[in-house]
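Protein chains in written order, with UniProt numbering: chain A, 1 to 342; chain B, 1 to 342; chain C, 1 to 342; chain D, 1 to 342.
Cβ atoms here follow ideal geometry from the backbone N, Cα and C, with glycine treated the same way.
Structure first, commentary second.
There are 4 protein chains.
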Amino acid sequence: MALRVAVAGASGYAGGEVLRLLLGHPQVEIGALTGGSNAGTRLGELQPHLLPLADRVLQPTTPEVLAGHDVVFLGLPHGQSAAVAQALGEDVLVVDCGADFRLKDPADWEKFYGSPHAGTWPYGLPELPGHRAALMGSKRIAVPGCYPTAVSLALYPAYAAGLAEPEAVIVAASGTSGAGKAAKAHLLGSEVMGSVSAYGVGGVHRHTPEMSQNLSAVAGEPVSISFTPTLVPMSRGILATCSVKARPGVSAAEVRAAYHKAYDDEPFVHLLPELQWPQTKSVAGANTALVQVVLDEQAGRIVVVSAIDNLVKGTAGGAVQSMNIALGLPEELGLPVNGVAP
Amino acid sequence: MALRVAVAGASGYAGGEVLRLLLGHPQVEIGALTGGSNAGTRLGELQPHLLPLADRVLQPTTPEVLAGHDVVFLGLPHGQSAAVAQALGEDVLVVDCGADFRLKDPADWEKFYGSPHAGTWPYGLPELPGHRAALMGSKRIAVPGCYPTAVSLALYPAYAAGLAEPEAVIVAASGTSGAGKAAKAHLLGSEVMGSVSAYGVGGVHRHTPEMSQNLSAVAGEPVSISFTPTLVPMSRGILATCSVKARPGVSAAEVRAAYHKAYDDEPFVHLLPELQWPQTKSVAGANTALVQVVLDEQAGRIVVVSAIDNLVKGTAGGAVQSMNIALGLPEELGLPVNGVAP
Amino acid sequence: MALRVAVAGASGYAGGEVLRLLLGHPQVEIGALTGGSNAGTRLGELQPHLLPLADRVLQPTTPEVLAGHDVVFLGLPHGQSAAVAQALGEDVLVVDCGADFRLKDPADWEKFYGSPHAGTWPYGLPELPGHRAALMGSKRIAVPGCYPTAVSLALYPAYAAGLAEPEAVIVAASGTSGAGKAAKAHLLGSEVMGSVSAYGVGGVHRHTPEMSQNLSAVAGEPVSISFTPTLVPMSRGILATCSVKARPGVSAAEVRAAYHKAYDDEPFVHLLPELQWPQTKSVAGANTALVQVVLDEQAGRIVVVSAIDNLVKGTAGGAVQSMNIALGLPEELGLPVNGVAP
Amino acid sequence: MALRVAVAGASGYAGGEVLRLLLGHPQVEIGALTGGSNAGTRLGELQPHLLPLADRVLQPTTPEVLAGHDVVFLGLPHGQSAAVAQALGEDVLVVDCGADFRLKDPADWEKFYGSPHAGTWPYGLPELPGHRAALMGSKRIAVPGCYPTAVSLALYPAYAAGLAEPEAVIVAASGTSGAGKAAKAHLLGSEVMGSVSAYGVGGVHRHTPEMSQNLSAVAGEPVSISFTPTLVPMSRGILATCSVKARPGVSAAEVRAAYHKAYDDEPFVHLLPELQWPQTKSVAGANTALVQVVLDEQAGRIVVVSAIDNLVKGTAGGAVQSMNIALGLPEELGLPVNGVAP
C-alpha cells in the first residue's frame, strides 16, 4: 500500500530533491506540494527537471493542504517548522529538512539563530552510534545540516575509537546549491564561476554547534570545532577536509581499523581503498558518502576527507533514508548509490 | 633601453603567463621562445591568446638559442634548470619558475623529489622578511611554488609577531592550471567540472617542505605543516585556508595589527577590511594577493585566508616582480593589480 | 529471469553510462566488463561513481570473455565492432554505441570515416517513423550519434508534416564528455572551463550525413545540412538549435500541431509549454529529450531547440531503450526521466 | 594632460569593466563614480577586483556629481541616458553603454523596447564601413550591443563583398555577465553551471534589429535576421555562429579574400589562419575579436564564427576604443589585445 507523502517547500532545492527521490521510491505516492510566494505556479516552471510533476500546481503551505498524508517533508526557512508540525498531529511522520530541531542545547540555538529554541527531534544521521535505533518508529525527524553530515561521517570513527584529541580543524568546499535558490547577487553564475571564496569564517557558521554536538557525543568529551566553509564553482557536492591531532602512540593500522569497523556494514558510506581520495562528482545525485583517512606521522595528525552530495546524503537522501528507517521499510529503498559522472 | 628576454618552455602555462605579462612590460623586448616536443610549432597554435606572438615559431631549448639575452625565464620540468642555467653564464639573469632551487635543505629535496639537490637560489617572494634585499642585484631567482606563495603570505605575519604555535593546518583549493598542460585523463574538463577532489593528502605534497622552510625561518623555530591540496573546477586561482593555534593571551587587535604591519606598505598584498573575505576571481590575471584574518576565540585559533592567481602572483607575476627587483627597476612595472572579474 | 549483459569498453564514458543505467535495470545481471589498455584494472579506479562494481576487474575484449551473455553492449572505437559482433553469433543481442553500423550509404561512410563500410543495423532512435517496429526482435542495434539524436528529434516532425524546406541550419552546443575520455590537451579542464569554441565547421563533422539520412527519409527528399558543433564548459548535455525555412503559408498552429502529434504519446520526448525553452540541466542523467519550437514569421523560419543528455538519450539511454524494445520488455524499464538538477 | 572621466553605473558589470580598462589607460584620471541603489557604498564591496578604487564611495547619479568631467561613461538601464546626457552639455563626451541611441528607425525601437525613441548617436563599432570617420570628434557615442558586435564583425565582410544572400541565421552563445548583475533566480550559479539554455528565440531578442540595421547598411538591401541567443556556463564571452547562403558562383578564395581585406589592417579584429577556430577564452579580458570563415560547398553556405569578450570588445573595450577615436587619441591606447588564458 502506497504511502501518501506531501512536500512543503516544493519549489526550493531541498524540496525539489526530495521529490526527485520520491519519484523513484516504490512505496510512495506524491500528494500535496506547497510553496510560499510560489503558490499557484506550475511546478514545471519551477522544477523543469521533474517532468512527471510538471503540471502540478503549488498550493499554499497550510494545515488543510498538508492534512491527510502519512508523511510530510518540510523544506521551509528555519523558524517555520514547529507550527506546521504541531498542526499535523502526532501520527503523521514529519521530516524536517530545516534546522529547527537539530540542536539539543537551547543556548547553542539561541546564540547561532537568535530566536527561541523549538525543541529537539531524533536526528537523521543513522550512521552515528545510537541514531538508527532512535529513528525507528519515530514520528519526528530532524534532517542534519549538509556540512555536519559530511564532517560527522568523516570524524566520528576517530573519536569513537579514542584516537583523536578533541580539537578538530575543518575546511569544507560546497557547491552553490547549499546556499539555496533565493536570488542573491553574490550567488549569480557570473560571480561564482571561476572563483572560490571563504565565508562564515572564525566560528560563526550555524553548522558549527551541530558538528560539535555530534562529535562530542561520540567522544564523550567536548570537541572544539574550527570550521571554515568555502564556496566552489559547482552546483552540488561537499568535500570536507578534517584534521585532528592523533593521540600519542596511535598507529596507521588503528586508524584504518576504526574506519573499517564503522563503515564496512553501512550501505551508504564507503571507505575508499588506500591512496584513492574522494571526489564529489562520484556521488552526484547519490546518497553515498565517500571517506578516506590517513595518518600524517610527520605532523602527528589524522586527516580525513569525505565527499557527499549536499542535496542527497546531505539533505533529501538522508531524509528519505531516515523515513525508511522510521517506517520500518528497507533502509535503502528508492535511494541511488551510483553518482552521475562524469 | 629594452631588456632582451627569452622564455624557455613557452608552450606551457607558466611560460605562457610569463609572456602575457612581458607583452605588457614597457622595458622588455621578447627574444627567443623555446619548447620541448613543441619546437617547430607556431605559438599561435599553442597559445592562441597571445596574438602579437602568434607567428613566432618555437625553437629547441638549447644554449645557442638562449644565448644573447639579458634575462631568461625557465618554465621547465624540474631537474632541467641547472644545466640550462650553467650554460647561460653568470651575467645573465635566470629566473626559474620550476622547483629546482627553492629548497635549502638537500634532505628535503631528496625526500620529496627523489633526485640530487641542485642548490639554492634567492627566493622570489619579496614580501617575506629579508627576501627583497636578497633579490636586489641577484642573477639567479627561484620562483616560489604557487601553494607556498599563498600560504606563506597568509601565515608569515602571525609567526613574525610571535602570535601562533608552530603547527599549521592548511587546506588549499587550486584551479586546474596548477597541474600543468600535459594531457592527463583525470584533468579532463569532463572530470573536473562539477567536482572537487583532494590529492597529495597526509604530508606528501612537494610544496610542504617549502612552506615549512618559509615559516620556520620567520618563526625562528621549526613549524610543522599539515597540508591538504584540493582541486576545484576553475582554471586559475588558489584559496588557502590556514589555521594555527593562537599563543595564550593573544588578542584580536594584536592579530590585526600584525597583518597591518606586514602589508600596509606592500604593493601587491592587500589586507581586506574586516568581515570581507577573499575570493579568487578578484585577483584573476593580477599579481595581487588578498588576505583576511580572524581570531576564533572559541576555538583558540587564528584563521587566515589568502587568495592569489596561481599563474600570476603564484608563478609568472612573482617571477616578473622579482626580475624587476633584481634589475633595479620599479617593482610594480608591467604588473596588473586589478583582477579580471566577473 | 535476469538477462546476462556484458559491456565491452567499460572504462569509457559510453560504457560507464551504460553500466550506471544497467545497475538500475530490474531485469539485468551485469556480466563481463572489458577494456582495451585498461584490462586488468579495478573498475573502482576508472569509474569511481559505480560503487557496486568497484571491485570488478576489467578483462580483455575477446570473444571468449564476451561469450555466454544475452546482450552485449559495445563502447568501442569505430572500426572494431564488426569483428566482435561476428564472433558473438546471431542469437546474442549486440548493441553498438559506436558509429560503424549507423549509415546506409557506403559512400557516406567512406567519405567521412575513410574506411570500408561495415554494414547497416536497425537504428536505435525509436521515435523516428518506422524505427520502433524495426527494432522489435532485432539482434543488432546501431545506437545513433548524440548530435543526430538531438537534431533528428528536433526536426523530424517539421519534415514529417511537410512544413519545412529541405535545408537545415544547425548549431549545437555539447558538453565535453561527447569528446570521450582519451586525454587530449585541448580537452583539459583548464582549457574548456570559461570557454566556448567551434570545431568541425563547414560540413566536415562525421555526424552530418547521419542527420541528413534521418531527415531525408522523413522528408521524402534529400535534406541538406549545415551543421556547426560547439564545445561548452559542462560535462554533459547537448542543446541543438535548428533553423529551417518554413514552406509558404505555414502557420504557427500547424507547426505546433505537428510537434504535438509527434510527441504527445512518446515517453521520453517532451514538448514544452509555449514560451518555455529547454535547458540541458533539466535532462542531466535522464533519458529525456526536451523540445520547443517557434515560427519566426519575420524571418520566415521554424526554429526548434532540443536538449538531451548526450550520454543518456544521446548514447546509453537510447541504447537501453532500444534493448528494451528489441527484447519485448517495457520500453521505459530502468530509464530515469527526471534530470538531476540543479 | 589627463582626461577627467566619470562613470555612471559603476557598480554594474559594464561600469566595472569600463573602470578596469580606464585604470590601465595612460591619459585618464578617474573622477566621479555613481550608482543607483548602491550610492553610499564603498566600491571595494561591489567591485572587489578594482583594488585602487576600493575606498571610493559611490555617489548618486545626478548632474551635479557628473559635472566637470571631460568624458562620462553611462552604464545605466535603458531609458535613462537621454536625460543624463542632456544635462551634461554638448562639450562633454558622453559614451552610452546602453541601448538608447543605437537604433536609427524609431519603429524598431518602439517595437522592441516599448517606449519612445530617444534618438541616434554615432555608433561605436569603428570597424564597420564609415563608422570610424563618424566617431572622430563626436561628443556622443552609442556603444553597440554585445551580440551585434560579434555578429556584425562576423558577417559584414561577406555582405560588403556581395557574397551572401540577405538572410542570416545566427546562433550565439553568451556568458552570463551579458545578463547583468541584478539578482535573478534563473541566473544563479546553481542554475547555470552544467547547463546550456536558449532564450529570446524566434526574433524577439532586442539585439535583432540592431544586427539587421548594421548588415543591411553594408549590404545595401534589407538583411533578414534569424537570431537565437543561448546562455552557457561561463562568466564572459560570446561565440557567434553565423550562416548565410552563398550567392551563386562564390568561391572559397573570394570569401577568404573578403575577410582579409576587411581585417588585415584592423588592430582588434584577427582573422585566424585556416582551420583554426575561435574560442572565447583566447579573448577573455581583451578588446580582440577572433574571426574564422569557411565556405561549405555541400550546403552552399558561408559559415562564420566570431569570438569576443562581451564585456570588453562587446561593451567597455569598444567604448574606450571609440572614446580614443572621438578624442583623437591613438585608437589602441589602454586596450589589452591578449586574452587571460587558460
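- Taken through DSSP and simplified to helix, strand or coil, H186 of chain B comes out as helix.
- Closer than 7 Å to the CB of Q298 of chain C there is at least one CB belonging to chain D.
- Scanning its chain for C-beta atoms nearer than 6 Å, with the 5 sequence neighbours on each side dropped, one finds around S226 of chain C the residues V169, in chain order.
- For E110 of chain C, the enclosing alpha helix (DSSP H) starts and ends at P106 to Y113.
- Membership of G339 of chain C in any alpha helix (DSSP H) is not indicated, and neither H nor E is assigned to it by DSSP.
- Taking a Cβ-Cβ threshold of 7 Å, none of the residues of chain A is close to V171 of chain C; the smallest such distance is about 22 Å.
- Counted as a single uninterrupted DSSP element, the beta strand (DSSP E) harbouring A32 of chain B occupies residues V28 to G35.
- Among the residues of chain C, those whose CB is under 9 Å from the CB of M234 of chain D are M193, G194, S195, V196, V232 and P233, following chain order.
- If you compare the alpha carbons of A:P48, A:A134, A:V151 and A:L58 with that of V293 of chain A, the shortest gap goes to A:V151.
- Interface flag for L51 of chain A against chain C is set, since a Cβ pair is found closer than 7 Å.
- In this structure, G334 of chain B lies away from G119 of chain B, with their beta-carbon atoms at least 7 Å apart.
- Within chain B, the residues whose beta carbon sits less than 8 Å from that of T176 of chain C are L188, G189, S190 and M193, listed in sequence order.
- At a cut-off of 7 Å, the C-beta of K313 of chain A has no neighbouring C-beta in chain D.
- Under DSSP, D296 of chain D forms a beta bridge with D:R301.
- Under the 7 Å criterion on CB atoms, K281 of chain A is classed as non-interfacial with respect to chain D.
- When DSSP states are grouped into helix, strand and coil, A161 of chain A belongs to the coil group.
- The three-state secondary structure of P229 of chain C, taken from DSSP, is strand.
- Only residues of its own chain outside the window of five on either side were considered, and among them A286 and T288 have a CB closer than 6 Å to the CB of V337 of chain D, listed in chain order.
- Across the set A:E90, A:G220 and A:H205, the C-alpha of A:E90 shows the shortest separation from the C-alpha of V71 of chain A.
- A direct Cα-to-Cα measurement between E17 of chain D and A107 of chain B gives close to 49 Å.
- The C-beta of P330 of chain A has fewer than 16 other C-beta atoms within 10 Å across all chains shown, which makes the residue exposed.
- Within the stretch 312 to 337 of chain C, no residue has a Cβ lying closer than 7 Å to any Cβ of chain D.
- Contact between the stretch 257 to 267 of chain B and the stretch 23 to 43 of chain D is not established, with fewer than three Cβ pairs separated by less than 8 Å.
- Unbroken alpha helix (DSSP H) runs of no fewer than 4 residues, entirely contained in the stretch 42 to 94 of chain D, are found at 43 to 46, 63 to 66 and 81 to 88, following chain order.
- The Cβ-Cβ distance between K184 of chain D and G12 of chain D does not fall below 7 Å.
- Runs of the beta strand (DSSP E) lying entirely within the stretch 208 to 262 of chain A, each at least 3 residues long, are 224 to 231 and 238 to 246 in chain order.
- Taking a beta-carbon distance threshold of 7 Å, V57 of chain D does not count as an interface residue toward chain C.
- Residue-level contact check: K261 of chain A does not touch chain D, since none of the beta carbons of chain D fall below 7 Å from its beta carbon.
- The C-alpha of S81 of chain A is placed about 24 Å away from the C-alpha of A133 of chain A.
- Within chain B, the residues D296, E297, Q298 and A299 have their CB atoms less than 8 Å from the CB of G203 of chain A, given in chain order.
- Shown here, S322 of chain B sits in a helix according to DSSP, grouped into three states.
- A direct Cα-to-Cα measurement between S322 of chain A and D96 of chain A gives close to 11 Å.
- In the same chain as M193 of chain D, and ignoring 5 residues on each side of it, the C-beta atoms closer than 6 Å to its own belong to P233, in chain order.
- Looking at the backbone, the Cα of H270 of chain B and that of L103 of chain A are separated by about 39 Å.
- Partner residues in the beta bridge of D96 of chain C, as assigned by DSSP, are C:L74 and C:A142.
- Only residues of its own chain outside the window of five on either side were considered, and among them P122, G124, P126, I141, S322, I325 and A326 have a CB closer than 7 Å to the CB of L135 of chain B, listed in chain order.
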